[in-house]
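Mapping of the sequence shown onto full-length UniProt numbering: residues 1 to 125, in sequence order.
Using N, Cα and C, we set each Cβ at its ideal position, and we do this for glycine too.
The block underneath contains the structure these notes are about, expressed in structure tokens.
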Amino acid sequence: MADTELLNELLGLERAGWDSLCKSAGADFYGSMMTGDAVMVLAHGMVLDRAEVIASLNDSPPWRTYEIRDPRVIDAGVDSKILVYTGVAYREGDKPAFRGLMSSVYVRAGGEWKLVLYQQTPIPD
Numbered sequence: 001m002a003d004t005e006l007l008n009e010l011l012g013l014e015r016a017g018w019d020s021l022c023k024s025a026g027a028d029f030y031g032s033m034m035t036g037d038a039v040m041v042l043a044h045g046m047v048l049d050r051a052e053v054i055a056s057l058n059d060s061p062p063w064r065t066y067e068i069r070d071p072r073v074i075d076a077g078v079d080s081k082i083l084v085y086t087g088v089a090y091r092e093g094d095k096p097a098f099r100g101l102m103s104s105v106y107v108r109a110g111g112e113w114k115l116v117l118y119q120q121t122p123i124p125d
């Protein structure tokens, strides 16, 4: 698979995740996308397992919109890839609600990419 094609495929998954968060459907999306032992390491210092992610997203306010900037893929093996990018997400109002460096570790399982680890690192103002 060409590097551009792989980048576009993983960006499509990442955008689908953000889109689900904008539609308050993140619990369903990430419930199906994450492996059973996957975790999210969030900017406010929490590590959530798959069940905790699903539960927390049921009550999260939706994002209004988001931007993915400067994405790149890091090869972690034949069936493992890491997508790294700068994310800017907006809730209500004009100011970015959140700016951070994001990394998503994907593994290919059963012919599909699954999320194993997602990490946010806030960018100071």
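Proximity winner among the options, relative to residue i (alpha-carbon distances)
i	options	result
Pro-61	Arg-91, Gly-110, Val-107 and Gly-87	Arg-91
Val-107	Gly-87, Gly-36 and Met-46	Gly-36
Arg-69	Ser-32, Leu-13, Gly-87 and Lys-81	Gly-87
Asn-8	Leu-57, Val-84, Ile-123 and Gly-100	Val-84
Thr-65	Arg-15, Ser-56, Leu-42 and Pro-71	Arg-15
Exposure of residue i, with buried meaning 16 or more beta-carbon neighbours within 10 Å
i	result
Lys-95	exposed
Ala-25	exposed
Ala-51	exposed
Gly-111	exposed
Gly-93	exposed
Ser-32	exposed
List, from N- to C-terminal side, the beta strand (DSSP E) runs of 3 residues or more that fit wholly inside the UniProt domain "DUF4440" (11-115). For the UniProt domain "DUF4440" (11-115), whole beta strand (DSSP E) runs of length 3 or above, ordered along the chain, are 34-41, 47-49, 65-75, 80-90 and 98-109.
When the Cβ atoms of the region 33-48 are set against those of the region 64-82, are three or more pairs found closer than 8 Å? A contact between stretches requires three or more CB pairs, one per stretch, nearer than 8 Å, and the region 33-48 fails this requirement with the region 64-82.
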